[in-house]
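Student: Chains as they are written, first to last, in UniProt numbering: chain A, 1 to 244; chain B, 1 to 244. This is the structure I have questions about; it appears just below.
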DNA sequence: CGGCCAGGATTCATCTGATGACTTTCCCTT
DNA sequence: AAGGGAAAGTCATCAGATGAATCCTGGCCG
């Protein structure tokens, strides 16, 4: 086993067995490196791996701390790389989104509070009022995040947040057809929010699924089709510079 | 921005824009480090981060290569850390599994081939024949993976595979009640496989959801309850040495 | 007595240089 | 032409030194 692997698995094992608890500071590099039998450089590479995976967080001058190990910490690591997924994979993500958004919508409808309903409709009004595509995208994200929050499953909420972030990168609202798409999207949101306000899980699930399906259809229609046998590799046309 | 961040984002951008394609070898450390304006050490830390996330793969003596960027490459990175998730988070994962397993079961029922049905029943027979809990767990995994495969969504299949791997770490079949639980599990499998063989998506979804719910119930019943306000931190009892 | 501040100690961040291990390539020998 | 071995290329690892950010301690001042 390589030195970095030894440090990586050793450190992970210390966390898994509770020797290093959530939020705790791990020993200094020199000390831990000696204990694990690797140099500081190799240990640092292992720590960086765990940091990329959301397990630890180094703080300059202070120390390196184990994260809270909450679902969002672990799942959030996907957001760094999910945008590298080629288009065919993205369409598969949409199928997952469709199922899960329908589920959280139904659950939110069953568990909604008056505050949730108020928040949803105020976000809808803000969405309908703005002309800025970027702001509309941000409000759209918060609208769906609010529904996921109401479903009371943080793991599921963060998973959907990661998936949505991937979709947002394509910025369909900035297309020439953007305003038209946004009007349709706003209408979808009102149907969905109304179903939740009415405590109607079935309608909410249907509305959420239809909304995701609609978004997926736009993506298929307006995005460059993938050439056959091209190993799923994207060309350089990623609309990346505007927001990231 | 720190040197490692500069290298990490720079390298990721080179991949996102297609300057480095899937499967391609990236420039040598010395050359790439100079281009990105960081030392070899910092570049290596950034490369390790991307490796942990499934984006690149260093090969000793040969070079560092961009992965195929398939969904399983990206999602598979979760398997390294999902086992660190405390128990409360795991129960939230079960809710996601329940929804998604039901979906893939329904889809598999709609799209099944004779080969799929044959494979499922042969796995069931092997499961019923063995006495080894570890082998039973492995066959159980392959049974569900086959259903996910039949649903023709590799991203979803790998996501479910990661979730199942986390659950398997608890090894309920090795408990004193194991044999009894396995008989119930085997019966569930027959119901599910029969529904798929009958091309009955509704029954398949119901059977899959019931099966996951049953597993979750076992976990709640037999695993140590979490003490209130304990920040979800696990004690050292993880049954880790047997299989990993 | 309490708060503030300066300086030292601690810790991570980065760079440089050197050596070893592994893979690939290519040329020489048979 | 095939096989073997040397050489180049590349990642892996270690050691040492310096910089930067934070934390802590002790003394000073109000």
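The beta carbon of each residue, even a glycine, is placed where N, CA and C say it ideally should be. Just so you know, these numbers come straight off a predicted model, no measurement behind them.
Quick one: what does DSSP say residue 64/A is sitting in, helix, strand or coil?
Tutor: strand
Student: Would you list, in chain order, the members of the region 80 to 112 of chain A that have their beta-carbon closer than 7 Å to a beta-carbon of chain B?
Tutor: 80, 81, 82, 83, 84, 85, 86, 89, 92, 93, 95, 96, 99, 100 and 103
Student: Can you tell me whether DSSP reads residue 243/A as helix, strand or coil?
Tutor: Unreliable positioning characterises residue 243/A in this predicted model, as indicated by a pLDDT of 30, which lies under 50. A coordinate reading is not provided.
Student: Would you say residue 20/B and residue 66/B are within 8 Å of each other, going by their C-beta atoms?
Tutor: Contact: yes.
Student: Considering only residues of the same chain and omitting the five flanking positions on each side of residue 150/B, which have a CB-CB separation below 7 Å?
Tutor: The answer, listed in chain order, is 108, 111, 112 and 116.
Student: Can you find the residues in the same chain that come closer than 6 Å, C-beta to C-beta, to residue 3/B, ignoring five residues on each side of it along the sequence?
Tutor: 38 and 42
Student: Got a sec: is the Cβ-Cβ distance from residue 212/A to anything in chain B below 8 Å?
Tutor: No, residue 212/A does not count as interfacial toward chain B.
Student: How many angstroms separate the CA atom of residue 244/A from the CA atom of residue 46/B?
Tutor: The predicted position of residue 244/A is uncertain, since its pLDDT is 31 and thus under 50; no value can be drawn from it.
Student: Excluding the five sequence neighbours on either side, which residues of its own chain have a C-beta within less than 8 Å of the C-beta of residue 186/A, listed in chain order?
Tutor: 124, 127 and 128
Student: When you compare the region 188 to 206 of chain B with the region 163 to 180 of chain B, are there three or more beta-carbon pairs, one atom per stretch, that lie closer than 8 Å?
Tutor: no
Student: Could you check the C-alpha separation between residue 235/B and residue 15/A for me, to the nearest Å?
Tutor: Unreliable placement is indicated for residue 235/B, whose pLDDT of 38 sits below 50; the coordinate value is still reported in the next sentence. Straight-line Cα distance between these residues: approximately 10 Å.
Student: Relative to chain A, which residues along the region 145 to 160 of chain B have a C-beta separation below 8 Å, given in chain order?
Tutor: 153, 154, 155, 156 and 159
Student: Below 8 Å between beta carbons: does that hold for residue 76/B and residue 155/A?
Tutor: no
Student: Does any CB atom of chain A fall closer than 8 Å to the CB of residue 4/B?
Tutor: Taking 8 Å as the CB threshold, residue 4/B lines the interface with chain A.
Student: Might you give, ordered along the chain, the residues of its own chain that have their beta carbon closer than 7 Å to the beta carbon of residue 246/B, omitting 5 neighbours on each side?
Tutor: Absent from the structure is residue 246/B, since the part of chain B shown begins at 1 and ends at 244.
Student: Just the C-alpha distance for residue 92/A and residue 70/B, rounded to the nearest angstrom, thanks.
Tutor: 11 Å
Student: Taking 8 Å as the CB-CB cut-off, is residue 63/B touching chain A?
Tutor: no
Student: Residues in the same chain with beta-carbon distance under 6 Å from residue 212/B, minus the five sequence neighbours each way, listed in chain order, please.
Tutor: Cβ within range, chain order: 97, 98 and 101.
Student: Can you pull the chain A residues whose beta carbon is under 9 Å from the beta carbon of residue 74/B, in chain order?
Tutor: 78, 81, 82, 84, 85 and 89
Student: Under a CB-based cut-off of 8 Å, is residue 1/B close to chain A?
Tutor: No - not a single Cβ of chain A is within 8 Å of the one on residue 1/B.
Student: Which ranges does the beta strand (DSSP E) cover as unbroken runs of at least 3 residues, wholly within the UniProt domain "HTH gntR-type" (1 to 69) of chain B, from first to last along the chain?
Tutor: 56 to 59 and 63 to 66
Student: If you measure between the beta carbons of residue 105/A and residue 74/A, is that distance less than 8 Å?
Tutor: no
Student: Quick one: grab the DSSP three-state call for residue 175/B.
Tutor: coil
Student: Can you give me the C-alpha to C-alpha distance between residue 139/A and residue 179/A, rounded to a whole angstrom?
Tutor: 15 Å
Student: In the DSSP assignment, the alpha helix (DSSP H) including residue 268/B goes from what residue to what residue?
Tutor: Outside the shown range of chain B, which is 1 to 244, sits residue 268/B, and nothing can be said about it.
Student: By the criterion of Cβ-Cβ separation under 7 Å, what are the contact partners of residue 44/B in chain A?
Tutor: 45
Student: Indicate the three-state DSSP secondary structure (helix, strand or coil) for residue 118/A in the structure shown.
Tutor: helix
Student: Measure the C-alpha to C-alpha separation of residue 82/B and residue 36/A and round it to an integer number of angstroms.
Tutor: Their Cα atoms are separated by approximately 23 Å.
Student: With 8 Å as the threshold, decide whether the Cβ of residue 10/B is near any Cβ in chain A.
Tutor: no
Student: Closer than 9 Å, Cβ to Cβ, to anything on chain B: give me those residues from the region 13 to 35 of chain A, in chain order.
Tutor: 13, 15, 16, 17, 18, 19, 21, 22 and 23
Student: At a Cβ threshold of 8 Å, is residue 201/A touching chain B?
Tutor: no
Student: When the Cα atoms are used, what is the spatial distance from residue 233/A to residue 26/B?
Tutor: Confidence at residue 233/A is low in this model, with a pLDDT of 37, below 50, so the placement of that residue is unreliable and no value is reported for it.
Student: What did DSSP end up calling residue 152/A once you bin it into helix, strand or coil?
Tutor: coil
Student: Can you check which of these residues, 29/A, 51/A, 23/A and 1/A, is closest to residue 5/B by C-alpha distance?
Tutor: 51/A
Student: Would you tell me roughly how many angstroms separate the C-alpha atoms of residue 62/B and residue 28/B, rounded to the nearest one?
Tutor: Residue 62/B and residue 28/B have their alpha carbons spaced roughly 10 Å apart.
Student: Going along the chain, which residues of its own chain have a beta-carbon closer than 6 Å to the beta-carbon of residue 159/B, five neighbours each way excluded?
Tutor: 75
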